[in-house]
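Participant: Residue numbers (the numbering used here): 43 to 594.
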Ligand code: ISL
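(1) How long is the line joining the alpha carbons of residue 185 and residue 296, rounded to whole angstroms?
(2) Using 8 Å as the cut-off, can you tell me whether the segment 167 to 181 makes contact with the segment 64 to 79, which would need three or more C-beta pairs spanning the two stretches below that distance?
(3) At a cut-off of 7 Å, would you count residue 105 as near the ligand ISL, judging by its Cβ distance to the nearest heavy atom?
(4) Please report the residue range of the beta strand (DSSP E) in which residue 57 lies.
(5) Measure how close the beta-carbons of residue 285 and residue 224 come, nearest whole angstrom, since I'm counting them as under 8 Å.
(6) Using alpha carbons as the reference points, say which of 120, 533 and 130 lies closest to residue 83.
(7) Is it the case that the Cβ atoms of residue 372 and residue 452 are separated by a distance below 8 Å?
(8) Measure from the alpha carbon of residue 329 to the alpha carbon of each residue in 344, 471, 434 and 319, then state which is nearest.
(9) What residue range is occupied by the uninterrupted alpha helix (DSSP H) comprising residue 391?
(10) By DSSP's criteria, residue 544 is part of a beta bridge. Which residues make up the other side?
(11) Can you tell me whether residue 259 is helix, strand or coil according to DSSP?
(12) Using only the alpha-carbon positions, how far apart do residue 191 and residue 182 sit?
(13) With DSSP as the reference, label residue 599 as helix, strand or coil.
(14) Using 10 angstroms around the beta-carbon of residue 528, count the other beta-carbons present and answer buried if the total reaches 16, otherwise exposed.
(15) Would you say the beta carbon of residue 241 is closer than 7 Å to some non-hydrogen atom of the ligand ISL?
(16) What number of angstroms, rounded off, separates the C-alpha of residue 400 from the C-alpha of residue 196?
(17) Go ahead and pull the three-state DSSP assignment for residue 412.
(18) Relative to the C-alpha of residue 124, which residue among 332, 233 and 460 is closest?
(19) Drop a sphere of 10 angstroms on the beta-carbon of residue 66, count the other beta-carbons inside from all chains shown, and report buried for 16 or more, exposed for fewer.
(20) Do the segment 135 to 147 and the segment 97 to 116 meet, that is, are 3 or more Cβ pairs less than 8 Å apart?
(21) What does residue 138 pair with, by DSSP beta-bridge criteria?
(22) Could you tell me the boundaries of the alpha helix (DSSP H) in which residue 554 lies?
(23) If I'm right that residue 247 touches residue 274 with Cβ under 8 Å, what's the distance once you round it to whole angstroms?
(24) Leaving out five residues on either side along the sequence, give the residues of the same chain with a beta carbon under 6 Å from the beta carbon of residue 446.
(25) Going by beta carbon distance, what residues of the same chain come within less than 7 Å of residue 199, once the five residues before and after it are set aside?
(26) Would you kindly work out how many angstroms separate the C-alpha atoms of residue 60 and residue 81, rounded to a whole number?
(27) Measuring only the C-alpha atoms, how far is residue 155 from residue 317?
(28) In chain order, what residues of the same chain have a beta carbon less than 7 Å from the beta carbon of residue 438, not counting five sequence neighbours either side?
(29) Consult DSSP for residue 291 and reduce its assignment to one of helix, strand or coil.
(30) Contact between the segment 415 to 428 and the segment 467 to 485 is defined here as three or more beta-carbon pairs at a separation below 8 Å; is this criterion met?
(31) I need the DSSP call for residue 610, collapsed to helix, strand or coil.
(32) In three-state terms, what does DSSP make of residue 235?
(33) I'd like the span of the beta strand (DSSP E) that includes residue 191, first residue to last.
(34) Look at the Cβ atom of residue 533, then the Cβ atom of residue 510, and state whether they are nearer than 8 Å.
(35) At 4 residues or longer, and completely inside the segment 209 to 233: list those alpha helix (DSSP H) runs for me, N to C.
(36) Within the same chain, show all residues whose beta-carbon is closer than 7 Å to that of residue 595, passing over the 5 residues directly before and after it, in chain order.
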């Protein structure tokens, strides 16, 4: 297996709007990130992935870009960005930006032109179609509820929007569009940016003729109609040839509908497309067929299988991404851990899991202090367009709205977007003004300042675990095998290479569990645990205990 800096990296994801506000306008900004660079560096991470900071009307918080070459003044503009990049590089940190190229904002110049007339030179930059019998061209729904088409009076045609109506989809069939995007990528690489996370890259190639979908469940529609279109690999291959291959950068493609069958095709090194992808097999694990707002019970064995299957699928070709949360899902501790009694232990267990799996690890801001979900009582406290649209739709369908509110509490993307909890000062030290989204009231208990002072804190354990991974390349490149016989609460696996062998044990429950090791002899000794008061029984695990054992 070839070694690369990006395979060994730990990436820290920043949602800038919620990170640190220096102007008092309630919105985090780039100078706020600069102010915290020593903090970021102190975590031991190598790369920062910055969610979109370009000019945008913010219909979807920056995922609707109106100028790909302009940094939003809300975030501090180009000067602040240049300073950030320079200071990060001085500190040995790399910067990865977000490329949102499936769609633009409807306020982007290309779209403003495109909608003027059917003969406008930019018309074919987007997907325009005639309607059918007084309705849209097909029956597709948007990821954010409602039809995926909007009628435009000027030319009496519909345009396609997979996300909000202010996010028209680009027409990747058009070589000029592809060239424009290549130029954007090149522009940022020439400025020194170290890579791109590519937003919904799995859906850029649309199915031929855009037929009606015959799938009743949205999730199946994604798998079968929206994602992995017929030309996706041609487009990525071309992008790699034209731009990516010319720079020492990293790429990670994001995408609904990326599964075990098609996922490896994106990252197989011999195919020259992307370095890594984010799949969502574990992120939708507690969602039913109706999607995110149709919750179902979490099953640890299904969760383990996702990691085991993906490790196997990418073992010989390609490379994985290891993550448990981002700005689109609720907080990882509230989903996969225990954000109550076992807050400290379960947060530590989850980072031990992250740091001991094969693949590049991504840590989402705030997870390093165990930030949790929030439960705002009123829908008006929510900002996320996905949440608001889902709420509206549920109401129109006559659903029990009290019950739906608990689903919002569990699933809303705003759970992960509440401002970073720095200290116990006003607004958790995030802003002197009114934060764009309410602070999670638990900031008085969960904050960076308190955890800096506490040697036993989640924050300090993150630092330890990141350093542990760096000190043990077996954790990055070594083989993986799950060996727990489908235990309902224990996740156990081996990581090994020619020199070392580790056995990692996690107890995903609030009861003491004993691991029945299938390995003969007594060759393993305890190296590390998230709890200091462990017993002499190395295979006994206290609630939410995690242990790393090493073969003698
Ligand atoms: O958020 C999701 C589930 O609730 C996903 O389906 C998500 O919409 C999808 O993975 C795409 O996400 C990305 O593109 C969106 C943007 O809203 C997200 O923030 C972004 O990560 C549209 O650009």
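A virtual CB, placed ideally from N, CA and C, is assigned to each residue, including glycine.
Facilitator: Taking the coordinates as given:
(1) 15 Å
(2) no
(3) yes
(4) Note, residue 57: premise wrong, no beta strand (DSSP E); not H, not E.
(5) 5 Å
(6) 130
(7) yes
(8) 344
(9) 385 to 397
(10) 537 and 592
(11) coil
(12) 8 Å
(13) Any property of residue 599 remains undetermined from this structure, which presents the chain solely from 43 to 594.
(14) exposed
(15) yes
(16) 53 Å
(17) coil
(18) 233
(19) exposed
(20) yes
(21) 91
(22) Residue 554 -> no alpha helix (DSSP H), and no H or E assigned at all.
(23) 4 Å
(24) 436
(25) 170, 171 and 172
(26) 16 Å
(27) 35 Å
(28) none
(29) coil
(30) yes
(31) Given that the chain is displayed from residue 43 to residue 594, the structure contains no residue 610 and the question cannot be resolved.
(32) coil
(33) 191 to 194
(34) no
(35) 217 to 233
(36) No answer is possible for residue 595: the residues shown for the chain start at 43 and end at 594.
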